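Below: one structure, written as structure tokens.
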Amino acid sequence: GSDTARFRYFLKSPLEAFRHLKDLPRREPDNELGHNAAGGWMVLVLLGMLALQVVTGLFSNDDDSFVEGPLRHLVSKPVSDWFSECHEVLFNVIMVAVVLHVAAIVVYLVVKGHNLVRPMITGSKTIAGPVAAPALVNPIRAVVIVIAAAALVAGLVRFL
């Protein structure tokens, strides 16, 4: 992806994220390309939780409807039950995190006057100061990576 989509670009130190949140009530021009320091950590947390949701789902079971994750047969029933419980609890935690994320977007709009949704949809943003445009990657590369990832997941699920 573009520079703004890379972890090394938007993942700042936790201290910098706290400093950013401390300045939240202050109305100032939006000079951030991509995620701010706090938003970068939220992205990492959401991606981590989604990855855990996938892993727990692979080994889980649902005794009521006889639905099992494709890797359920690799673990014992008590272990699968533990994965199932984690999967259910994590779903609720993810929903809370999503609500907090959306609430933060609303707070940025109301308190700081920063419209964070428009740049997500359009891919462009007006910046108050001089900022170099991020380097973009050919979208064909993204399509190839998505197809390769889907093939890998399909192969793992089919053959494990």
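Letter by letter, the sequence shown follows residues 207 to 366 of the working numbering.
Glycine is no exception: its CB is placed at the ideal position from the N, C-alpha and C atoms.
Only a predicted model underlies this, so the values are computations on that prediction, with no experimental measurement involved.
Check your understanding: Going straight from the alpha carbon of V316 to that of L322, what length do you get?
Key -> 11 Å
Review point. What's the C-alpha gap between L362 and I346?
Key: 24 Å
Exercise for review: Using three-state DSSP, classify E294 as helix, strand or coil.
Suggested key: helix
**Study point:** Contact set for F289: own chain, Cβ-Cβ below 6 Å, skip 5 residues either direction
**Key:** T262, F265, S266
Exercise for review: Spell out the partners DSSP gives D268 in its beta bridges.
Suggested key: V273
**Study point:** Distance between beta carbons of A334 and D236, contact taken as under 8 Å
**Key:** 7 Å
Point to revise | N-terminal and C-terminal residue of the alpha helix (DSSP H) that Y215 is part of | key: 213-216
Check your understanding: Do the region 244-252 and the region 222-231 touch if we need at least three Cβ pairs shorter than 8 Å?
Key -> yes
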